[in-house]
Amino acid sequence: MGSGVPNLGPMGPLVTEGEVSLLYDIHESIGQGSFGEALLATRKEDGLQVVIKRVRIAELSEKEREDALKEVKLLSQFNHSNIIRYFECIVEDGALNIVMEYAEEGELSTVILDRSEKKRPYSEDQIMFMFVQLLLALKHVH
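For what it's worth, the working numbering labels the leading residue of the sequence shown as 1, then goes sequentially.
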């Protein structure tokens with residue numbers, strides 16, 4: 001790849017070079033991590049809201065870079081209603097931009113903690129429903 005991006009290895013069609021702004025309108029940062037951030041965006045083609053996980057691969061060690069690429073490969077293999085959907089991965093300016101489905105409610109752990117803090121526990125039926133959904137997702141992954 002000719003953009004000064006470190007060698008990503010044989011990722012084939014999973015990773016493409018390009019300009020994210022040509023395909024997506026980025027609205028705001030919705031999360032920050034050690035190696036990047038999560039951005040709320042809209043796909044220009046159809047108006048779909050997505051999250052772009054931007055990982056600054058130029059700053060990663062070889063092992064961390066391999067882990068990021070393994071994540072992309074794994075995400076691309078999942079196709080299940082209880083797993084966040086992967087759309088594509090675009091390399092631009094030393095960053096890996098992993099485009100995924102936007103979950104408006106956020107991560108399940110955050111939703112559960114929020115309800116717990118507000119003293120609004122789930123009913124047994126709700127807990128059982130979530131548990132079954134988690135098991136179905138886990139079954140798909142393994």
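Ideal placement from N, C-alpha and C gives every residue a C-beta, glycine not left out.
Check: In chain order, what residues of the same chain have a beta carbon less than 6 Å from the beta carbon of Y102, not counting five sequence neighbours either side?
Finding: Q49, V50, V51
Margin query: Under DSSP, the alpha helix (DSSP H) around S109 begins and ends at which residues?
Written below: 108 to 117
Notebook entry, point to check: Based on the DSSP secondary-structure assignment, which residues constitute the bridge partners of L40?
Noted result: E28, V51
Note to self: I'd like to check one pair, R43 with Y24: are the Cβ atoms closer than 9 Å?
What the structure shows: yes
Checklist line | Selection from M130, L39, Q32 that minimises the alpha carbon distance to S21 | finding: L39
Margin query: Taking 6 Å as the limit between beta carbons, can you name the residues of its chain near E124, skipping five residues before and five after?
Written below: none
Item checked: 8 Å Cβ shell around S81 - same chain, five flanking residues per side excluded -> none
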